[in-house]
Structures are given as structure tokens and as C-alpha cells.
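> Letter by letter, the sequence shown follows residues 0 to 455 of numbering that gives the first Met the number 0. No residue lacks a Cβ here, since even glycine has one placed at the ideal position from N, Cα and C. One structure follows; several queries about it will come next.
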Amino acid sequence: MHNIDIGLVEMTLDVVKYAIDRIAKTNPEFGKPKKEEELRAIVGETITPEGIGGENAFNLFKDVLIKATVPIDHPRHLAFVPAAPTRAAIMFDLVTSASSIHGAYWMEGAGGIFAENEAMKWLVSLTGLPNKAFGVFTSGGTAANLSAMVAARENWRKDDKNLNKKGLIITSIGAHSSIKTMAKVIDVDVFLVPTEDLMSKYDLKNAINGLDEEDRKRLFSVVATGGTTNAGIIDDLDGIADICEKENLWFHVDAAYGGGALAADSVRHLFKGIEKADSITIDPHKWLFSPYDCGAVIYKNPELAKEAHSQEGSYLDIFKDEGAHGFNPSDYQIQLTRRVRGLPLWFSLAMHGTDLYKSAVEKGIALANLAGEIITKNPIVELVREPSLSCVLFRRKGWSPNDYRDWTYKNHKEGFALVTPTKWKIGDTFETVSRFCFINPDTTEEDINAILKTME
Ligand SMILES: *Cc1c(COP(=O)(O)O)cnc(C)c1O
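Quick look at the structure:
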């Protein structure tokens, strides 16, 4: 094809073989972190005028670089929010790359965008939002939250008296860090409701009533969480929705982690009220088994998002012509050129059917409940709170923060597991505790027992 790729043909089999082997592995080797100096000493200079050759570069990747990463789909990777992309989705991620589809505009990407939208329809149906609601795949929850907040703020600013005001949003301290960070990006202030447990309608009411007159006028949105990252807690979405409606506030639900659980019948009722949201964030790369990266933002009224995000430029006019009529993903979030990153999810959903997704999400919840039972029976540990969604917070009796840290590093260095401590607010103090977050349906009871054994 391109001169630049001379010599590639011989590499192709090696690369594809490696990819197939890796996709087939359920227990990939646990990597260990290395310092930059260490990696540089082994790898040397790789970007040179003549090139080091595909074989050399690939060997460095296989023998050194990949071993300095943690496979997030390992069944004993229970830190942060793990991931467990389906093999179908990973394979189709390769196909997505190979197909060179531009995902910004229907004119160029119609077939790919059509498929993405089929997957999106299913996501929207899980939320229960009214008919006109629709969304678009983003690079992740952060970009989805940002896109929704921009839409909310621009909508608020349509009223001239808000034009020169700095906006204010309310969320809780249980909300994800990206909310505060994205508020900085769009230069709005954040009022934090001081609860890491669920934000109730009373908490919200108090927060609003506590604002002075000027601040109340700056308030344009409430961000509730549909499954906190730390503990899987779902805010009182129904109560908060009612207040937002009365107070004329944009109601955003950040369900980046928890959104997958909308598919699980056993917990769906906890999300009651999400169908009244103005916008919702869901990360398929967290609990809907998509490879990195794939987030989604959904709007009750996509037209409002379009008013905020549609880009203007003489070079872009052609995309808006008759022949190009269709859904233009770039009109609904902050990115222009984009990968059709919903395509791997589409293929996997189409292949497996949505029932398998339901049962795979239920498995994560079942694992959390099972871990809760095991912990309750084990005398050296105790639950900090009942498991929620697929998160379990527990303490090792008698341990200091340093003990948790040493334990985490030991398991990591031995290539056994990655389970990290977190903090949980009790009264006015933050206690260091341990946390499991289950996503991977391949995690077993033996894995849980074996990890707890390392705490003895
Ligand atoms: C992970 C997470 C985010 C950020 O999503 P990214 O995909 O990492 O950008 C936002 N909100 C919540 C609740 C999350 O769990």
C-alpha cells in the first residue's frame, strides 16, 4: 500500500498471531510497574532516522513493555473499575481500526454510525428516557460529563440575564473527580453536598435553600451519581429529579460506572428516576464489556446538545448538505474527528444478544454479594457497608494505612492480584479500607478466597 509500510507484510502474521493469543487468554500475565529509567535502559532508543525494524520493535513490546502493564481484564484485577471486554468486542476493535471510518459525519461514516446507533438505541432503552432521547459514544465518562455540562450551561445561557454570570452546579462528595475537573474546564463553580452516602432529596433541598440569592441565580444544574465509583452508591434519582424539575435545573446523572447495571433486573429499581434526567453518562468500557475507550452521553433532548456542540466552518458546510443527511455524532459532544468507538459494542451485542449482557452484569453483582458473605464469615475482616452494585468496602481488622499499602504492592509485585485500598468517610474522618470492584464474569470464588488469604 504505502511506501511507508514496506516490510510490513512479514510482520502481519506475527502481529495477528499475538493478538489472537492474547484475546484467547483468560489469565494474562500480571505485569509489574517499572521506573522510566529502567525501561529506557532495557529498551534503548526506538525512534531513529532509519527505524529499528518491525521485528525489533515488536519484540521490545512483547518482552519488555507489555510486562510493565497490568492487564485490566485479569480476573484478580479488582482495583479501581476493572474491565472485561468481550472477545467479540476486542476483535471488532481490530476491525474498526482496519476499516478507517471517519465517525464525525454521516456523509463519510454512515454505515459505521448506523451500527453505533443501533447499540446506542439499546443503551437509551435501558434508561427509560422518552422517545426523542438519544446519545453518542465518547472517549469516556470524562468527555461525556463535559459534553453534558456544556450542553446544560449553554442552555442556561440562552437566557440573556445569565450571559455574564459564572455558573454553579451542585453535586455530592461521592461524585467522580471528573465532575470537579470538568467544572474547572468550563469555568463553573461546584457546591459539594457533604455526603459520600447517597445524596437524598433532603440533602439537595438543604443545599439549594442554603445558597444566597446571587448563588441561587447562578445554579443551573445538579449532577447525581448512578453508582459512585468508590462504593457503588446510587443517589435518590427520583427525588432529585422532582426538585430539578421544580427548580428548573438541568438534571445530569453520571452513571459512567453504574450504568451497565441498568441491564440487571435485580438492581434496576435502584435507578428509578433516571428516566427523568436531562442527560446521562454511561461508560461501556467499564461495565458493558467494551475495550478502551468507549463512553457515552445520552440527552433527553438532543437538539439542546446540538445547539451547544455543532461546529461551524466553511470546510464543514459540505457535511450538512442534502446527500449527507443523517446523524452527525460530532454535533452532540466536544470531539470532531472521531473513531466509531461504539462499533465494537455493536458487534458484540449483535453477536451475543442483550440477554448475555444482562447475565454478565448480574454476575458482577452476584460476585460482590458473595464476597460480602465470605467477608462476614472471616474473622480477620469485616464489611464497612453492605455491598452495593459490584463494589465491596471492607476492612482488615487492626491494619493501618501502611499495612494496606504494603499488602497492595506485595500482591502486585508477585504478579498475583491488584486490589487497592481506598478511603471511606466515617463521621468526620476518613478511614483507609480495602475495596473490591467486580466487573469480570471470569472472577471466581477461589480468586476471592485467595486474595483474602493474602491478608492473614
Ligand atoms: C470512571 C468514572 C468517570 C470517568 O470516566 P472515564 O471513562 O475514566 O473518563 C466518571 N464518572 C464516574 C462515576 C466514573 O466511575
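Between Gly-134 and ligand 1, is there a pair consisting of the residue's CB and a ligand heavy atom that are separated by less than 7 Å?
Gly-134: no, Cβ never under 7 Å from ligand 1.
> Under three-state DSSP, which class holds Arg-217?
Three-state DSSP puts Arg-217 in a helix.
> Do the stretch 249-269 and the stretch 409-424 make contact, defined as three or more Cβ pairs closer than 8 Å?
In short, these stretches do not touch, since the Cβ pair count stays below three.
> Assign His-76 to one of three DSSP states: helix, strand, or coil.
Reduced to three states, the DSSP call for His-76 is strand.
> Under 8 Å: do the stretch 300-308 and the stretch 73-85 share three or more Cβ pairs, one atom per stretch?
At 8 Å Cβ cutoff, the stretches do not touch.
> Note down, in chain order, each residue of its chain lying with its Cβ closer than 6 Å to the Cβ of Lys-16, except the 5 sequence neighbours on either side.
Around Lys-16: no qualifying Cβ.
> Hey, quick one: how far does the alpha helix (DSSP H) through Val-380 stretch, first residue to last?
Segment 380-382 is the beta strand (DSSP E) holding Val-380; no alpha helix (DSSP H) there.
> By how many angstroms is the C-alpha of Asn-368 removed from the C-alpha of Leu-64?
Whole-angstrom Cα-Cα distance: 36 Å.
> Expressed to the nearest angstrom, what Euclidean distance is found between the alpha-carbon atoms of Asp-427 and Gly-173?
About 14 Å.
> Which ranges would you report for the beta strand (DSSP E) in the stretch 21-90 if only whole runs of at least 3 residues count?
Runs found: none.
> Excluding sequence positions up to five away, which residues of its chain have a Cβ less than 6 Å from the Cβ of Lys-164?
Excluding sequence neighbours, Lys-164 sits near Arg-217.
> Start and end of the alpha helix (DSSP H) containing Arg-152?
Start and end: 140-155.
> Rounded to the nearest angstrom, how far is the Cβ of Thr-95 from that of Val-296, given a contact under 8 Å?
In fact, because the Cβ distance is near 20 Å, the residues do not count as touching under 8 Å.
> Measure the C-alpha to C-alpha separation of Ile-169 and Ala-87 and round it to an integer number of angstroms.
Going from the Cα of Ile-169 to the Cα of Ala-87 covers about 40 Å.
> Run through DSSP, which three-state label would Arg-340 get?
It is coil, neither helix nor strand.
> Taking Met-90 as the reference, which of Met-148, Pro-343, Pro-301 has the closest Cα?
Cα-wise, what sits closest to Met-90 is Pro-343.
> Of the residues Ile-379, His-284, Asn-55, Ala-151, which one's Cα is nearest the Cα of Ile-438?
Considering only alpha carbons, the answer is His-284.
> Closest to Leu-388 by CA distance: which of Asp-234, Lys-31, Asn-161, Ala-449 is it?
Closest by alpha carbon: Asp-234.
> With a Cβ-Cβ cutoff of 8 Å, do Ala-255 and His-175 count as a contact?
Taking 8 Å as the Cβ cut-off, Ala-255 and His-175 qualify as a contacting pair.
> From Gly-226 to Val-8, what does the alpha carbon distance come to, in whole angstroms?
C-alpha separation (whole angstroms): 47 Å.
> Among the residues of its own chain, which have a CB less than 6 Å from the CB of Thr-419, if the five just before and after it don't count?
Ala-78, Thr-407, listed in sequence order.
> Taking 8 Å as the threshold (C-beta atoms), are Ala-260 and Arg-384 in contact?
Cβ atoms of Arg-384 and Ala-260: not closer than 8 Å.
> For His-324, count the other beta carbons within 10 Å of its own beta carbon; 16 or more makes it buried, fewer makes it exposed. Which is it?
By the 10 Å Cβ count, His-324 comes out exposed.
> Between which residues of its own chain and Leu-191 is the CB-CB distance below 6 Å, once the five residues before and five after are set aside?
These residues qualify, in order along the chain: Ile-172.
> At a threshold of 7 Å, does Asn-144 count as lining ligand 1 (C-beta to nearest heavy atom)?
Result yes, Cβ under 7 Å from ligand 1.
> Which of helix, strand or coil does DSSP assign to Phe-415?
Coil at Phe-415, not helix or strand.
> Quick check: what's the CA-CA separation for Trp-345 versus Asp-237?
The alpha-carbon atoms of Trp-345 and Asp-237 are separated by roughly 30 Å.
> Reducing DSSP to helix, strand and coil, say where Phe-113 ends up.
Of the three classes helix, strand and coil, the one that applies to Phe-113 here is helix, per DSSP.
> So for Leu-303, helix, strand or coil by DSSP?
Correct three-state label for Leu-303: helix.
> Find the nearest neighbour of Leu-197 within the set Glu-213, Ile-232, Asp-186, Leu-210, judged by alpha-carbon distance.
Nearest C-alpha to Leu-197: Ile-232.
> Return the Cβ separation of Ile-447 and Ala-370 in integer angstroms, given the expectation that the two are a contact with Cβ distance under 8 Å.
Indeed they touch by this definition, with Cβ atoms about 5 Å apart.
> Among residues of its own chain, excluding the 5 on either side of Gly-108, which ones have a beta-carbon nearer than 7 Å to its beta-carbon?
Here the set comprises Ile-100, His-101, Gly-102, Val-339.
> Using three-state DSSP, classify Pro-290 as helix, strand or coil.
It is coil, neither helix nor strand.
> For Ile-247 versus Lys-131, is the C-beta spacing smaller than 8 Å?
Position check: residue 247 holds Asn in this sequence, whereas Ile was assumed. No; because the gap between Cβ atoms is not below 8 Å, this pair is not in contact.
> From this set, Pro-440, Leu-162, Arg-394, which residue's C-alpha is nearest Glu-430's C-alpha?
The residue with the shortest Cα to Cα distance from Glu-430 is Arg-394.
> Determine the burial state of Thr-442: buried for a count of at least 16 other Cβ atoms within 10 Å of its Cβ, exposed for fewer.
Buried, since its Cβ has 16 or more Cβ neighbours within 10 Å.
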